[in-house]
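One structure is given below, encoded as C-alpha cells.
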Amino acid sequence: MLDQIAYMTWKNPIFMLIFFGVLWYLPGIIVRRRSEYIYLKNKEEARKDKLSKLYPKKEEN
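Under our numbering, the first residue of the sequence shown is numbered 2, with each subsequent residue one higher.
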C-alpha cells in the first residue's frame with residue numbers, strides 16, 4: 002500500500018512541479034539572504050569606520 006501511495010505521489014505532475022520548484026529556488030533564496038546579510042554587515046562596519054576617522058575619540062591619560 003505504501004508503495005502504491007509513493008508511486009502515485011511521485012507520478013503526480015503537480016507534486017513534481019512543486020517539488021522541483023522548491024529544489025530549484027530554495028538554494029538561491031538561502032544564498033541571496035546570506036549574501037544580503039554579509040553585505041549589510043560590511044556596509045555598517047564601513048560606515049562606522051568612516052565615522053571614527055571623521056570624529057576620532059580623544060584619548061585621556
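Here a beta-carbon is modelled for each residue, glycine too, at the ideal position from N, C-alpha and C.
Give the straight-line distance between the Cα atoms of residue i and residue j, rounded to the nearest whole angstrom.
{"i": "residue 21", "j": "residue 49", "result": "43 Å"}
{"i": "residue 6", "j": "residue 44", "result": "51 Å"}
{"i": "residue 32", "j": "residue 56", "result": "36 Å"}
{"i": "residue 37", "j": "residue 18", "result": "28 Å"}
{"i": "residue 41", "j": "residue 28", "result": "20 Å"}
{"i": "residue 2", "j": "residue 46", "result": "58 Å"}
Here's a check: name, in chain order, each residue in its chain whose Cβ is nearer than 8 Å to the Cβ of residue i, leaving out the five neighbours to either side.
{"i": "residue 16", "result": "10"}
{"i": "residue 52", "result": "none"}
Does the ligand GDP have even one heavy atom less than 7 Å from the beta-carbon of residue i?
{"i": "residue 42", "result": "Among the components of this structure there are no ligands whatsoever, and the ligand GDP is therefore not found."}
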